[in-house]
Amino acid sequence: MPRPRRVSAGARAGVNLDATGGLTAVVARRREQLYHDFCSWAERELGCHFSQLCCTGLLLGTTLVAFGKFLFYQGSPKYVFSETINACADRFKHYRAFFASAWSVLTRWEEEEPAERSMIIPVSVFKAALAVSLLWGWPYFAAALMVAFNGLLRPGEFLTLKRRNLLLPRDLLSDLPVAYVRLLNTKTKRFMLRQHAKISDALTVKFLDAIFGSCAYAEPLFNCSPYVFRRRWDAVFQTLGVRTDESSDGVTPKCLRGSGATWLYQVTENISSIQWRGRWQQRRTLEYYLQDVTGQLLLADLAESHRQQIRALAASSGALMAHFVHSSGFQP
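The sequence shown begins at 4 in our numbering and counts up one residue at a time.
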């Protein structure tokens with residue numbers, strides 16, 4: 004049973020226990036604005052004070068349905084409606100059961116206008132990117148790719164990691180070639196306060212141990228801003244002939260999470276395990292990635308010279324990683 008921590012009254016002074024207290028500042032401001040927009044629309048269209056619509060869950064839910072249809076036919080982006088529902092759910096938790104009809108409207112919206120998913124990076128392209136990074140002398144960038152791809156992480160989750168967040172076999176006095184990443188500020192922290200990612204590729208774990216094993220616990224793993232990381236990302240993948248502009252269906256750092264999940268599916272076909280490891284709340288969200296074939300289209304668009312280059316680099320990535328592990332400068 005967890006032991007309660009001793010916390011002083013002063014330490015609690017700045018803590019917000021309201022429903023929106025666990026949200027990031029950006030999300031909280033966005034939902035606040037959308038909620039006020041919804042209130043203004045309802046009062047203008049229905050000719051009554053919004054407090055009257057909040058008397059029952061049925062009234063509020065019906066108003067949300069009407070607002071969703073208004074947004075759809077007005078041409079508004081889908082997130083406006085979904086975040087408006089979330090904003091209402093934050094404030095009226097006891098009415099959540101009455102919001103089912105509003106969520107149904109959003110589902111129909113999604114069926115009519117499916118979301119554009121991130122491109123899937125084929126494992127051959129990923130391995131080729133690792134090889135290029137190591138050949139260019141960017142081992143920390145390569146390590147970031149490995150952690151994100153194998154740990155199914157979002158960019159905001161891996162770029163800020165410190166050594167204390169990476170649990171290597173040496174830290175656990177274990178002989179198993181498995182590493183864990185302790186995650187703090189995750190997108191789904193409201194649902195799961197303590198989260199971790201698992202990295203079970205043996206060579207990747209050896210590489211991470213070689214480069215980070217002796218680092219001080221307070222030291223950042225990558226010490227890299229999103230801007231610098233993106234510059235290096237563009238350089239590596241453009242060298243392989245792969246587009247990196249999202250508007251032209253290119254690959255971006257946020258593709259690593261879904262790409263890692265797709266690779267795990269190809270290897271194991273165990274969707275339940277992948278959902279757990281990727282911390283997806285909804286199985287349907289994961290299935291969007293697994294059913295997507297855009298990664299194959301990415302390869303189909305490449306020139307033959309780049310395809311041969313990727314094939315050769317991917318085949319050498321394992322040897323380059325092993326050489327790095329055993330090099331004198333990075334001994335475990």
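Every residue gets a Cβ at the ideal spot worked out from N, C-alpha and C, and that includes glycine.
Cβ neighbour criterion (16 or more within 10 Å) applied to residue i
i: C58; result: exposed
i: N273; result: exposed
i: A160; result: The identity of residue 160 in the sequence shown is Glu, whereas the question assumes Ala. It is buried - the Cβ of E160 has at least 16 other Cβ atoms within 10 Å.
i: T271; result: exposed
i: V135; result: buried
i: T247; result: buried
i: L176; result: exposed
i: S121; result: buried
i: C258; result: buried
i: W266; result: buried
i: A325; result: exposed
i: G50; result: exposed
i: P229; result: exposed
i: F73; result: exposed
i: Y76; result: exposed
i: A315; result: exposed
i: Q241; result: exposed
Sequence-distant residues of its chain with Cβ nearer than 7 Å to residue i (five each side left out)
i: G244; result: L305, A306, H309
i: A92; result: R99, F102
i: I313; result: S127, V128, A131, L243
i: A322; result: none
Beta-bridge pairing of residue i - partner residues as DSSP gives them
i: P229; result: In the DSSP output, where bridge partners are listed per residue, P229 has none listed.
i: V184; result: L169, A200
i: P223; result: K165
8 Å Cβ shell around residue i - same chain, five flanking residues per side excluded
i: F95; result: C57, G60, L63
i: D178; result: P172
i: Q269; result: V126
i: F225; result: Y143, F144, A146, A147, F161, L162, L164, F232
i: I202; result: M149, V150, N153, G154, V181, A182, Y183, V184, V208, L211
i: N168; result: V184, R185, L186, L187, L224
i: G237; result: With the sequence shown as reference, residue 237 is identified as Asp, and Gly is not the correct amino acid for it. Counting only Cβ-Cβ distances below 8 Å, and skipping sequence neighbours, we find T247.
Whole-Å CB distance - residue i paired with residue j, under 8 Å assumed
i: L293; j: A264; result: 7 Å
i: A200; j: R166; result: Not quite, the Cβ-Cβ distance comes to about 15 Å (not below 8 Å), so this is no contact.
i: E86; j: R157; result: At roughly 18 Å, the Cβ-Cβ gap does not stay under 8 Å, so E86 and R157 are not in contact.
i: L155; j: L133; result: Not confirmed; about 17 Å, so no contact.
i: S262; j: I123; result: 5 Å
i: T66; j: A90; result: That pair is no contact at about 13 Å.
i: F327; j: A221; result: Not confirmed; about 25 Å, so no contact.
i: V128; j: A105; result: Going by Cβ atoms, the distance from V128 to A105 rounds to 40 Å, so no, they are not a contact pair.
Own chain residues within Cβ distance below 6 Å of residue i, not counting five before or after
i: W283; result: L289
i: A205; result: P180
i: S320; result: K130, L133, A134
i: H329; result: none
i: G281; result: L155, A264
i: A318; result: none
i: S79; result: none
Go through the region 257–301 residue by residue and report every complete run of the alpha helix (DSSP H) that reaches 4 residues or more, in order. 258–271, 274–281, 286–293
I'd like the ranges of any alpha helix (DSSP H) spanning at least 4 consecutive residues and lying wholly in the region 64–137. 81–94, 103–115
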